[in-house]
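Engineer: If you scroll down you'll find the structure; I have some questions about it.
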Amino acid sequence: MFEEDIKKIKRSMLRKINDRDALNYASDNSKETELDLSQIIEYGSRILINGIEYINFSSNDYLGLSGNIHIRKSAKKAIDKFGFGACASRLLSGGTGLHRELEEKVAGFKRTDAALIFNSGYSANVSVIPAIASEGDIIFSDELNHASIIDGCRLSRAKKAVYRHGDVKHLSELIEKEHRNRRIVITDTIFSMDGDIAPLREIYEICLHNNAILYIDDAHGTGVLGGGYGALNHFNIKPEPWIIQMGTFSKALGSLGAFIAAGEDVIQWLINTARGFIYSTALPPCVVAASITALQILQEEPALVKRLWHNREKLFKGLKDMGFNTLNSETPIIPVVVGDTEATMKLSEELKEHQIYAPAIRPPTVRIPRIRFTVTASHTEKDIDELISALTMAKKEIEN
Ligand SMILES: Cc1ncc(COP(=O)(O)O)c(C=O)c1O
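Just add 29 to the spot in the sequence shown (first one is 1) and you have our numbering.
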């Protein structure tokens, strides 16, 4: 039905799913299938595609927790106790004590009165933004904010004012001339494609002086910034009743889902108005159990976050020594810009020849094509050395 429409998409623009191999997992439901854990080499830094093992530099599993033994055990235990699906929304019968426990743990972790779980970061942004902003309000949004924020803003009927990326002077100018019912400033903390950090201290001051709500998307900051506690900790900003923090379990915490951490009134309002919370089945208890354990490990093992940053500095230095343009990266997300889409894709293909997996990110997802490298705590020094030497060879190849 859509063949003709698909043909209209330029070949270089066509998106492809790159599913990894299922190893020795047989999807035959009639038999008991046992995974041979000794063969699983994929967690964090490895990926197996079409029988070839690559070092993976494209995952958001920053702390390598997706395969952590304790997390796997707690998820299995929850499956045995609760079964798999939640089978109803939280407002019906889908929630468990685990959901409540996770919310309490998130509130403690983020030092807020309360917290609420959503099924994904995308769902949180498209549900919460329309719940807190409507006609008569105005949202000030960084031009590089995540797609889910853009969609959330569209769904709200509030006026939008997009400020230049990270430009606090522009934000000030815009906010000072707009006097609506409610003014809300929304920003990613770590920008997911550029790897730079929002100037949150200045944005905080602007919100304070203009009586605006600050909504931060800490999807990539949670587990990464501020010793793992997130962007507010990184900037030494105390949680305030007018700050709403969104974060995800799907990246550094190696699980799935998202949270809003905020004042009790905000959370009560969202329970009553956020459509993605009200009208959606709750997360499976095993996923919630995994997130609880991941949060605990993050707090008990600060060495993981230190290792992540050690690896980040090593890779960043290696890339800089080679003269690569890494935009304004300050975090484990390091874009490398080498030219147009074709050159970027060629570099990514060359890297694959050297068993390095790092796909190209192209327009329209980003304006400037790049390879978006992400480094994690589970990469070894040798993995990073291998990436640098593969890049040296691949660079020569594409320059010829
Ligand atoms: C900044 C940001 N916000 C939200 C999301 C969505 O999170 P999730 O993958 O949990 O839906 C992402 C994920 O890519 C993100 O990078």
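The C-beta atom is built at its ideal place from N, Cα and C for all residues, glycine as well.
Do Leu254 and Ile219 have their C-beta atoms within less than 8 Å of each other?
Structural biologist: Their beta carbons are under 8 Å apart, which means Leu254 touches Ile219 by this criterion.
Engineer: By the three-class DSSP mapping on this structure, what secondary structure does Pro364 have?
Structural biologist: strand
Engineer: When every heavy atom of ligand 1 is checked, does at least one fall within less than 7 Å of the C-beta of Ser177?
Structural biologist: yes
Engineer: Based on DSSP bridge pairs, tell me the residues matched to Gly257.
Structural biologist: Answer is none; Gly257 lacks a bridge partner.
Engineer: Count the C-beta pairs between the region 191 to 205 and the region 232 to 242 that are closer than 8 Å, then say yes if the count reaches three, no if not.
Structural biologist: Touching, yes, given that three or more Cβ pairs across the two stretches are closer than 8 Å.
Engineer: Is Ala144 buried or exposed, if buried means 16 or more other CB atoms sit within 10 Å of its CB?
Structural biologist: With 16 or more other Cβ atoms within 10 Å, it is buried.
Engineer: With hydrogens ignored, establish whether the beta-carbon of Thr277 is closer than 7 Å to any heavy atom of ligand 1.
Structural biologist: yes
Engineer: Identify which residue in Leu344, Gly283 and Asn429 has its Cα closest to the Cα of Lys411.
Structural biologist: Leu344
Engineer: Using three-state DSSP, classify Thr310 as helix, strand or coil.
Structural biologist: Three-state result, Thr310: strand.
Engineer: According to the neighbour-count rule (16 or more other Cβ atoms, all chains shown, within 10 Å of its Cβ), is Ser67 buried or exposed?
Structural biologist: The predicted position of Ser67 is uncertain, since its pLDDT is 47 and thus under 50; no value can be drawn from it.
Engineer: Taking Glu359 as the reference, which of Asp225, Pro313 and Ile272 has the closest Cα?
Structural biologist: When only C-alpha atoms are compared, the closest one is Asp225.
Engineer: Go ahead and pull the three-state DSSP assignment for Glu426.
Structural biologist: helix
Engineer: Would you give the residue range spanned by the beta strand (DSSP E) that Phe169 belongs to?
Structural biologist: First-last of the beta strand (DSSP E) with Phe169: Ile167 to Asp171.
Engineer: Just to confirm, is the Cβ distance from Ile266 to Ile242 under 8 Å?
Structural biologist: no
Engineer: Is there at least one non-hydrogen atom of ligand 1 closer than 7 Å to the beta-carbon of Asp246?
Structural biologist: yes
Engineer: Between Glu342, Trp338, Leu333 and Gly286, which lies nearest to Ala318 when the distance is taken from Cα to Cα?
Structural biologist: Gly286
Engineer: Taking Glu293 as the reference, give the member of Ile362, Glu133, Glu371 and His128 with the closest Cα.
Structural biologist: Glu133
Engineer: Run the proximity test for Gly150: is its beta-carbon closer than 7 Å to any non-hydrogen atom belonging to ligand 1?
Structural biologist: yes
Engineer: Since Gly283 and Asn97 should fall inside the 8 Å C-beta cutoff, what is the C-beta to C-beta distance between them, to a whole number of angstroms?
Structural biologist: 7 Å
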